[in-house]
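K.L.:
With the working numbering, the residue at position 318 of the sequence shown is 321, and numbering never jumps.
The structure's right below; bear with me while I get my questions together.
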Amino acid sequence: MRLVPFMRVFISGAGGFLGACATYYFEKAGWDVFAGVRKPRQSWRLAESRAQQVEMDIVDARSVEQAVRQASPDLIINFATYGAYPGRQTDLSLIRQTNVEGVRHLLDAARSAGVRRLLQIGTSSEYGLKDVPISEEAELVPDTDYARAKLEGSRLALAANGKDGLEAVVVRPFSPFGPWEDGKRLVPALVMAALQGRAPQLASPRPMRDFMFVDDLMEGIRLAALQEGIGGEVFNLSMGHQMSVGDMAGLVGKLLPNAPTPVWGAQDNVRREPPMWQADISKAARVLGWKPKVSAEEGVRRTIEWFKAHRALYEKQQAAV
4 MRLVPFMRVF ISGAGGFLGA CATYYFEKAG WDVFAGVRKP RQSWRLAESR
54 AQQVEMDIVD ARSVEQAVRQ ASPDLIINFA TYGAYPGRQT DLSLIRQTNV
104 EGVRHLLDAA RSAGVRRLLQ IGTSSEYGLK DVPISEEAEL VPDTDYARAK
154 LEGSRLALAA NGKDGLEAVV VRPFSPFGPW EDGKRLVPAL VMAALQGRAP
204 QLASPRPMRD FMFVDDLMEG IRLAALQEGI GGEVFNLSMG HQMSVGDMAG
254 LVGKLLPNAP TPVWGAQDNV RREPPMWQAD ISKAARVLGW KPKVSAEEGV
304 RRTIEWFKAH RALYEKQQAA V
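Spelled out as structure tokens, the structure:
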């Protein structure tokens with residue numbers, strides 16, 4: 004496996020969960036990291052980072068061009084997204100501006116600035132509802148406005164591959180969890196409720212997810228960034244097996260034995276749930292030499308320890324709502 008010697012990276016959407024994790028991951032690996040954020044002074048997830056923050060609004064083409072030129076990176080990784088949280092991110096215009104036009108702005112800026120590779124971080128939702136493990140060759144039938152916009156963004160990236168010397172690669176994560184995740188998402192909500200002695204108010208224990216600890220995702224992204232000759236390819240990254248929401252709640256309860264039992268049915272399901280949600284990750288193993296190393300239990304254990312250390316930060320976020 005031959006790797007390209009990139010060391011200067013611009014991370015778009017660095018103020019979000021995955022973007023922040025990537026900022027810390029590449030920073031720790033010794034890269035020169037530029038973190039693209041809309042409002043640097045409000046980027047609470049980057050408070051512990053030494054990365055240079057670059058102000059950028061992905062829906063503004065001029066802002067994107069200026070940010071990319073300022074960073075002058077070898078590599079761009081685009082985590083910027085809007086619409087992933089059903090019931091909270093519902094502005095249809097902004098869904099399209101961010102996930103479609105924003106990708107177009109980044110591609111144009113990358114080609115203009117001579118960037119060598121762009122990784123577009125897509126979503127497993129681009130595949131739509133399936134009842135078998137999902138490979139990269141699966142039919143793409145997105146069933147939400149967000150998923151359709153993300154797919155269009157991924158297609159824009161793939162169409163730009165090979166133009167003006169730019170290589171474009173798409174990565175589709177499934178259900179990553181870990182440090183810096185939004186406090187209302189499943190694993191943080193379970194952990195914070197347990198630490199506070201509250202019973203988490205949840206919808207149903209039945210939906211299936213292919214959970215993955217975020218460090219494994221970041222290592223897969225690093226390999227996708229560096230592997231030579233993979234322009235135009237798509238890679239699924241996840242554990243490669245599914246577990247139910249109820250099983251994840253049980254795992255948190257096992258590791259925090261005094262945690263109150265979740266109250267199921269306390270919330271409505273806000274989206275249709277597939278009968279199966281499991282990635283086929285054989286392509287990433289074959290082409291990138293990547294396999295997840297952290298079990299679900301170990302990932303949850305690490306997440307719990309991180310949230311214990313950052314509990315006050317999340318309680319401050321809860322109080323601000």
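All C-beta atoms in this analysis are idealised placements derived from N, C-alpha and C, irrespective of residue type, glycine included.
In chain order, what are the residue ranges of uninterrupted alpha helix (DSSP H) at least 4 long that sit wholly in the region 14–70?
P.N.:
Counting only runs of 4 or more, we get 20–31.
K.L.:
Taking buried to mean at least 16 other C-beta atoms within 10 Å of its own C-beta, is R274 buried or exposed?
P.N.:
The residue is exposed, with fewer than 16 neighbouring Cβ atoms inside 10 Å.
K.L.:
Please state whether DSSP places I124 in a helix, a strand or coil.
P.N.:
Of the three classes helix, strand and coil, the one that applies to I124 here is strand, per DSSP.
K.L.:
If distances are taken between C-alpha atoms only, which option among V266, E300, Q245, M242 comes closest to L254?
P.N.:
It is E300 whose Cα lies nearest to the Cα of L254.
K.L.:
Quick one: is D185 near chain B, going by C-beta distance under 8 Å?
P.N.:
Of the protein chains in the structure, only one exists, and it is not chain B.
K.L.:
Per DSSP, what kind of secondary structure is M279 in: helix, strand or coil?
P.N.:
Of the three classes helix, strand and coil, the one that applies to M279 here is strand, per DSSP.
K.L.:
Buried or exposed: where does Q204 fall if 16 or more other Cβ atoms within 10 Å of its Cβ makes it buried?
P.N.:
It counts as exposed.
K.L.:
Can you check whether the CB of M215 is closer than 8 Å to the CB of F177?
P.N.:
Their beta carbons are under 8 Å apart, which means F177 touches M215 by this criterion.
K.L.:
How many angstroms separate the CA atom of L132 from the CA atom of M211?
P.N.:
For L132 and M211, the distance between alpha carbons rounds to 12 Å.
K.L.:
By how many angstroms is the C-alpha of P277 removed from the C-alpha of D271?
P.N.:
Each residue's Cα considered, the two are about 16 Å apart.
K.L.:
Assign A25 to one of two classes, buried (16 or more other C-beta atoms within 10 Å of its C-beta) or exposed (fewer than that).
P.N.:
Answer is buried; the Cβ neighbour count reaches 16.
K.L.:
Check this for me: beta carbons of R49 and G18, under 8 Å apart or not?
P.N.:
Just to set this straight, residue 49 is Leu in the shown sequence, not Arg. Yes, Cβ-Cβ distance for L49 and G18 is below 8 Å.
K.L.:
Report the three-state DSSP secondary structure of P176 (helix, strand or coil).
P.N.:
Note: P176 maps to strand in three-state DSSP.
K.L.:
Determine the contact status of A83 and G105, defining contact as a CB-CB distance below 8 Å.
P.N.:
It is a contact, given that the beta carbons lie within the stated cut-off.
K.L.:
If we count the other Cβ atoms within 10 Å of its Cβ and call it buried at 16 or more, is E142 buried or exposed?
P.N.:
Exposed: under 16 other Cβ atoms inside 10 Å.
K.L.:
Are the beta-carbon atoms of A38 and L110 separated by less than 8 Å?
P.N.:
No, these two residues do not count as a Cβ contact at 8 Å.
K.L.:
Let's test the definition: count the other Cβ atoms within 10 Å of the Cβ of P32 and tell me whether it reaches 16, buried, or not, exposed.
P.N.:
In the sequence under discussion, the amino acid at residue 32 is Ala, which differs from the Pro named in the question. Exposed, since its Cβ has fewer than 16 Cβ neighbours within 10 Å.
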